[in-house]
Every structure is written in C-alpha cells, then in structure tokens.
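Counting in this note's numbering, the sequence shown runs from 153 upward without gaps.
Cβ atoms here follow ideal geometry from the backbone N, Cα and C, with glycine treated the same way.
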Amino acid sequence: MATVQIQRPVHYPESDGKPMAETPEHLEAMLYLIDALKRYFAARDDVYVAGNQFLYWVEGNPSQRVAPDVYVAFGVPKRPWRATWKVWEIGKAPDVIIELTSRSTAGEDLDRKYRLYQRLGVKEYILIDVRREYLIEPVILHRLAGGAYQQIPTAHPGDREWRARSELLGLEVVVRAEDDGYLVRLYDPVRGRIIPTAVELEERATEMETRLRELEAKLRQREESAE
Numbered sequence: 153m154a155t156v157q158i159q160r161p162v163h164y165p166e167s168d169g170k171p172m173a174e175t176p177e178h179l180e181a182m183l184y185l186i187d188a189l190k191r192y193f194a195a196r197d198d199v200y201v202a203g204n205q206f207l208y209w210v211e212g213n214p215s216q217r218v219a220p221d222v223y224v225a226f227g228v229p230k231r232p233w234r235a236t237w238k239v240w241e242i243g244k245a246p247d248v249i250i251e252l253t254s255r256s257t258a259g260e261d262l263d264r265k266y267r268l269y270q271r272l273g274v275k276e277y278i279l280i281d282v283r284r285e286y287l288i289e290p291v292i293l294h295r296l297a298g299g300a301y302q303q304i305p306t307a308h309p310g311d312r313e314w315r316a317r318s319e320l321l322g323l324e325v326v327v328r329a330e331d332d333g334y335l336v337r338l339y340d341p342v343r344g345r346i347i348p349t350a351v352e353l354e355e356r357a358t359e360m361e362t363r364l365r366e367l368e369a370k371l372r373q374r375e376e377s378a379e
C-alpha cells in the first residue's frame with residue numbers, strides 16, 4: 153500500500169516576542185516615522201507604510217526573515233493590512249526601508265541587512281543612529297543603482313543637524329542634535345515644513361479651538377455693545 157504524505161502548511165510567525173525597540177529613543181523615532189509617513193501618504197491608496205513586522209523572502213522557509221523598523225512600498229494597496237510581508241505573495245520587496253541602528257543591530261544593519269536589501273531590490277536603504285554612537289553620521293542613505301547601493305552624501309547645514317534626501321519619499325530625513333539627545337523628523341520640501349508629531353497636531357488643534365472660542369466671545373461682546 154502506498155504511503156500518503158500529508159504536506160502541512162508552513163507557519164510564518166507574526167512576532168518573536170521581543171521588544172519593539174531597544175531604547176525609548178528608538179521607539180519614539182520608529183513610531184513617529186511610521187505615523188508621519190502614513191499621514192503624508194494618506195491621500196494615496198497605492199502606498200503601504202508599516203514597520204516592526206517580519207519580512208519573509210523565501211517561500212517555505214520561515215527562518216529566512218528580518219523585521220525592518222520602518223518600510224514603504226509603492227504600488228501596493230494600503231488595504232488589507234498585512235501582519236507580515238511575504239515577497240512572493242506581494243511580488244516585490246518594500247521600496248524604502250529605514251533601520252534605527254542600535255548596539256545590538258549595528259553590525260547586522262551594516263552587513264547582512266545591507267547585502268540582503270540590496271539583493272532584494274530595496275531601492276533606498278536608510279540608516280539612522282539616534283544616539284550617534286554607531287555610524288559615521290547619524291543618518292546615512294543608500295540608493296540602489298545598477299544593482300548595487302551607492303551612498304548618497306548627507307547634507308550638514310549646521311553643527312547640530314544632518315539631512316538625507318529620499319527621492320522616492322519626496323522627503324528629507326532630518327536628525328537634529330538637541331540638549332537631551334537626537335531628534336528624528338521628516339521635512340517636506342514642497343510645503344517647506346517639518347511633518348509634526350501626532351501630539352503636536354493635537355496641541356495645534358487645541359490652540360486653534362481656544363482662539364476660535366476667544367474670537368467668538370469678542371464678537372458676541374461687540375454685538376451686545378452695539379445694541
């Protein structure tokens with residue numbers, strides 16, 4: 153009698169149980185970048201923004217995976233939401249990957265991930281050092297050209313600021329030295345402004361609401377005085 157072999161489905165884990173980020177600075181930067189990029193591309197249905205998720209590139213081999221801190225893919229519907237990124241299902245790797253390098257990841261970010269993302273065709277690979285301890289500069293951008301990464305010069309407009317321009321995102325990645333550390337922000341050159349944090353947006357909305365109430369109160373006072 154012939155033996156029937158049952159092929160079990162391959163399980164691709166969605167999490168490894170490890171913390172999202174190594175330090176509070178890394179977590180804050182990662183959450184800001186994902187949120188800011190989602191808001192920046194909110195009007196486009198063909199841009200997928202995510203981060204801190206497993207990326208699988210070999211079908212049938214779940215051990216072959218990485219978890220980019222932040223990534224952006226163009227030409228990919230933003231819905232449905234994906235718990236993992238499988239290259240063979242989506243048909244491509246993300247177009248832009250941002251890694252927030254740290255003590256435990258610096259070696260891998262500069263070696264294994266560099267070579268992997270280059271091989272997978274990630275068009276822009278951006279490294280950010282939120283503590284300026286592991287990279288020559290706090291932000292480094294590599295752009296794919298002819299199948300190999302070329303490091304793009306980082307702008308250094310002052311002693312306390314570094315900028316790397318992403319052609320694909322249409323934004324500048326800004327790292328600014330503050331008194332209490334390094335601040336990571338995205339600059340929109342078209343609008344000529346830094347993309348604010350969600351908290352900053354809420355504070356501005358509250359301030360505008362307060363001003364509106366004050367203006368309405370003044371108008372009522374004038375109307376009452378005119379009667």
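Supposed close pair residue i, residue j - CB separation, criterion 8 Å
i, j, result
"I280", "V325", "7 Å"
"W240", "L207", "W240 to L207, Cβ: 12 Å. No contact."
"E276", "V248", "5 Å"
"A245", "E166", "Actually they are not in contact, since the Cβ atoms of A245 and E166 sit about 18 Å apart, beyond 8 Å."
Buried/exposed call for residue i, threshold 16 Cβ in 10 Å
i, result
"G212", "exposed"
"K385", "This structure cannot settle anything about residue 385, because the visible part of the chain is limited to 153 through 379."
"R271", "exposed"
"L321", "buried"
"M182", "buried"
"H178", "buried"
"L353", "exposed"
"D331", "exposed"
"G344", "exposed"
First and last residue of the uninterrupted alpha helix (DSSP H) at residue i
i, result
"P341", "Unbroken run through P341: none, as it is neither H nor E."
For residue i, the first and last residue of its enclosing beta strand (DSSP E)
i, result
"H178", "No beta strand (DSSP E) holds H178; the alpha helix (DSSP H) holding it covers P176 to Y192."
"E166", "Here E166 belongs to no beta strand (DSSP E), and DSSP marks it neither H nor E."
"L323", "L323 to E330"
"R315", "E313 to S318"
"V201", "V199 to A202"
Residue closest to residue i, alpha-carbon to alpha-carbon, out of the options
i, options, result
"I346", "E177, L185 and Y266", "L185"
"Y399", "L338, G243 and T253", "Any question about residue 399 goes unanswered here, given that the chain covers just 153 to 379."
"V336", "E354, V282 and Q373", "V282"
Q. In the region 222 to 304, which residue ranges form an unbroken alpha helix (DSSP H) of at least 4 residues, counting only runs that do not cross its ends?
A. Taking only runs of at least 4 residues, the alpha helix (DSSP H) segments lying wholly in the region 222 to 304 are 239 to 242, 258 to 262 and 264 to 272.
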